[in-house]
Amino acid sequence: MNAHPDEANPTAPAPSKYAYTCIDHSILYPHLKRWLWAPAVPALLPMSLSPNTMTIVGNLLAWIAFFILLSMGSQHRLLFLVPAVLNFIYLSLDNMDGIQARRTGRSSPLGEYLDHWADSFVATMMVFGYGIATGLEPWIMLSGMAMVGTAYFATFWEQRHARRLVFGLCGSIEAILAISAFYCIFAVGGLEPLARTPRIFGYSLASAIFSLVAFFSATAFVGSMIRVGKGWGDFVPHVLVFGAAGLWYAYGEVPLIAVGFIFMLASSHLGGRMVMAKVLDEEPRIGDTVLYLLLGAAMAASWALKLGPTGQAIAAVPVIAYLLARLAGDFHRTVGSLREHLNPSELLSQLVHRS
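Going by the numbering used here, the letters in the sequence shown line up with residues 806 to 1160, in that order.
This is the structure in structure tokens:
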């Protein structure tokens, strides 16, 4: 999520000449890097370990944590410790892979793409898993996913226009650590005191704190729009997709889990294209007419046929399947174009050759 320029430092012993500029105002990153991540890399990681493999493993752990959160019940409160630990390991690997790339001279556009593109899933996935596991009010969860997804897009949209990445005071590192801390508290005291009991203006403390994540995400993408000062029409696809899917949930009977997956995958699809365009040095594709049509058709069919929750969930399947197909296609094309940067011995190379 917070992708840092360690692996793209122009002074690094990297074989490639690409570089990018990052302005990071994160409160916690400098301290975590100095006292934990930077010392851990030479102490724990062999020179032979590929940074791309670290990225893949970290994201697999984040996905495991996500599915645990979707499937666990409130009666198994100690299970909250598992996603808390897995998310912290993901966060550490996500920030150590760049240090390892600089250390081993394995910087490449492929590493940049893999790191940033994978973050497009995790950004909204963290919100999604937290919302489902804690019983967050649906409108708060979906609003948070929309804010986080749009902030992700805005970060790389600004990079496209201004040739720099800008991260705010409270970004992904602070959000992930806050969420993981709440999971630890839930494991000890249960959900009831913090996530189920209204305490602040009729909302639980977990909901109120989570609202801060959405707030800082909103300030992030608004800040990007102000700094760039043009091209705001590029955000219309997010308004259309998030707005339509949100209305479907509000006025239909489509299950929250289905809408959550649409939000998450659409965010990755629309935002990941900015990363893909950057590393391939091509114009980004903004919007997706087929996605609009599929989503509109699913909503229209649900209401016209008066489908119940099961029927509307089935109507959402083509939308989700299309998003998965587009994501897979974009990933395959990008990795194929950057194949020259693959080390034959690393995990990603083996996965690509098998496909």
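C-beta atoms are modelled at their ideal positions from N, C-alpha and C, and glycine is treated no differently.
On a predicted model such as this, the values are computed, not experimentally measured, just so you know.
Looking at the structure shown, is Cys975 part of a helix, part of a strand, or coil, going by DSSP?
Stepping through the sequence shown from its first residue, residue 975 is reached at position 170. Coil at Cys975, not helix or strand.
Ile828, DSSP secondary structure in three states:
Reading the sequence shown from its first residue, position 23 is the one you call residue 828. DSSP places Ile828 in strand when its eight states are reduced to three.
What's the C-alpha gap between Lys1111 and Gly1065?
The residue you call residue 1111 lines up with position 306 of the sequence shown. The residue you call residue 1065 lines up with position 260 of the sequence shown. Straight-line Cα distance between these residues: approximately 22 Å.
Just to confirm the assignment: which complete beta strand (DSSP E) runs, minimum length 3, are found wholly within the region 948-1017?
969-972 and 1003-1005
Assuming Ser1022 contacts Val953 under a Cβ cut-off of 8 Å, what Cβ separation, rounded to an integer in Å, is found between them?
Stepping through the sequence shown from its first residue, residue 1022 is reached at position 217. Stepping through the sequence shown from its first residue, residue 953 is reached at position 148. Yes, they are in contact, since the Cβ atoms of Ser1022 and Val953 sit about 5 Å apart, within 8 Å.
Would the region 916-925 and the region 1064-1081 be scored as touching if the rule is three or more Cβ pairs under 8 Å?
yes
Keeping to the same chain, check which residues put their C-beta closer than 7 Å to that of Gln905; ignore five residues upstream and five downstream.
Residue 905 sits at position 100 when you count from the first residue of the sequence shown. If we look at Gln905 and ignore the five residues flanking it on each side, its Cβ neighbours are Val846, Leu850, Leu854, Pro856 and Met859.
Pull up the distance between the alpha-carbon of Met1104 and that of Trp1053, whole angstroms please.
Counted from its first residue, the sequence shown places residue 1104 at position 299. Counted from its first residue, the sequence shown places residue 1053 at position 248. So the two alpha carbons sit approximately 6 Å from each other.
Note down the Cα distance separating Ile978 from Ile832, rounded to an integer number of angstroms.
Locating residue 978 in the sequence shown gives position 173, where the first residue counts as 1. Locating residue 832 in the sequence shown gives position 27, where the first residue counts as 1. Cα-Cα distance, rounded: 9 Å.
Looking at the structure shown, is Ile1091 part of a helix, part of a strand, or coil, going by DSSP?
Walking along the sequence shown from the start, residue 1091 turns up at place 286. The answer is coil: DSSP assigns Ile1091 none of H, G, I, E or B.
Enumerate in chain order the residues of its own chain whose CB-to-CB distance from Ser1009 is below 7 Å, with the five nearest sequence positions on each side excluded.
Locating residue 1009 in the sequence shown gives position 204, where the first residue counts as 1. Excluding positions up to five away in sequence, the list reads Leu999, Ala1000, Arg1001, Thr1002 and Pro1003.
Please determine, among Gly1028, Ala1049 and Gly1057, the residue with the shortest C-alpha to C-alpha distance to Trp962.
Counting from one through the sequence shown, the residue named residue 962 turns up at place 157. That would be Gly1028, whose Cα lies nearest to the Cα of Trp962.
For Met852, the three-state DSSP class (helix, strand or coil):
Translated into positions along the sequence shown, residue 852 becomes position 47. Of the three classes helix, strand and coil, the one that applies to Met852 here is coil, per DSSP.
Between Ala1055 and Gly1101, how many whole angstroms is the CB-CB distance? I'm expecting something under 8 Å.
Here residue 1055 is taken as the residue at index 250 of the sequence shown, counted from 1. Here residue 1101 is taken as the residue at index 296 of the sequence shown, counted from 1. Their Cβ separation, rounded to whole angstroms, is 16 Å, which puts Ala1055 and Gly1101 out of contact at 8 Å.
How do the region 968-983 and the region 1033-1045 stand: do at least 3 beta-carbon pairs fall below 8 Å, yes or no?
no
Limits of the unbroken alpha helix (DSSP H) element including Gly1134:
Here residue 1134 refers to the residue found at position 329 of the sequence shown. Counting along the chain, the alpha helix (DSSP H) containing Gly1134 begins and ends at Pro1114 to Ser1142.
Can you tell which of Trp840, Val1046, Ala1013 and Ser1107 has its C-alpha closest to the C-alpha of Ser897?
Here residue 897 refers to the residue found at position 92 of the sequence shown. Ser897 has its Cα closest to that of Trp840, out of Trp840, Val1046, Ala1013 and Ser1107.
Where Gly1057 sits in the DSSP three-state scheme
Within the sequence shown, residue 1057 is the residue found at index 252, counting from 1. The answer is coil: DSSP assigns Gly1057 none of H, G, I, E or B.
By Cβ distance below 6 Å, which residues in the same chain neighbour Gly934 in space, the five residues on each side in sequence not counted?
Numbered from 1 along the sequence shown, position 129 holds the residue referred to as residue 934. Taken in chain order, the residues that qualify are Phe871 and Leu874.
Out of Ile1125, Ile981, Met901 and Leu1045, point me to the one whose CA is closest to Ala848's CA.
Walking along the sequence shown from the start, residue 848 turns up at place 43. The option with the nearest alpha carbon to Ala848 is Met901.
Identity of the residue in Pro888, Phe885 and Tyr957 nearest Phe1068 by Cα
Counting from 1 along the sequence shown, the entry for residue 1068 is found at position 263. The option with the nearest alpha carbon to Phe1068 is Tyr957.
As a quick exercise: from Pro1042, Leu919 and Glu1145, pick the residue whose alpha carbon is nearest that of Tyr1097.
Here residue 1097 corresponds to residue number 292 of the sequence shown, with the count starting at 1. Looking at the Cα atoms, Pro1042 is the closest of the given residues.
Span of the alpha helix (DSSP H), counted from its first residue to its last, around Glu917
The residue you call residue 917 lines up with position 112 of the sequence shown. Element bounds for Glu917: Pro914 to Thr939.
If we ignore side chains and look at the alpha-carbon of each, how far apart do Ile1062 and Gly994 end up?
Translated into positions along the sequence shown, residue 1062 becomes position 257. Translated into positions along the sequence shown, residue 994 becomes position 189. Spanning the two alpha carbons is a distance of roughly 26 Å.
Can you tell me which of the three DSSP states Glu812 falls into?
Against the sequence shown, residue 812 aligns to sequence position 7. Residue placement at Glu812 is flagged as unreliable, the pLDDT there being 40, under the threshold of 50; a coordinate-derived value is accordingly withheld.
Could you tell me the alpha carbon to alpha carbon distance between Ile794 and Gly863, rounded to whole angstroms?
Because the chain spans 806 through 1160 in this model, residue 794 falls outside it and cannot be assessed.
Between Ala1106 and the rest of its own chain, which residues show a CB-CB distance below 6 Å, the 5 nearest in sequence each way excluded?
Within the sequence shown, numbered from 1, the residue matching residue 1106 stands at position 301. Ala1120.
Secondary structure of Leu833, DSSP reduced to three states
Position 28 of the sequence shown, counting from 1, holds the residue named residue 833. Coil.
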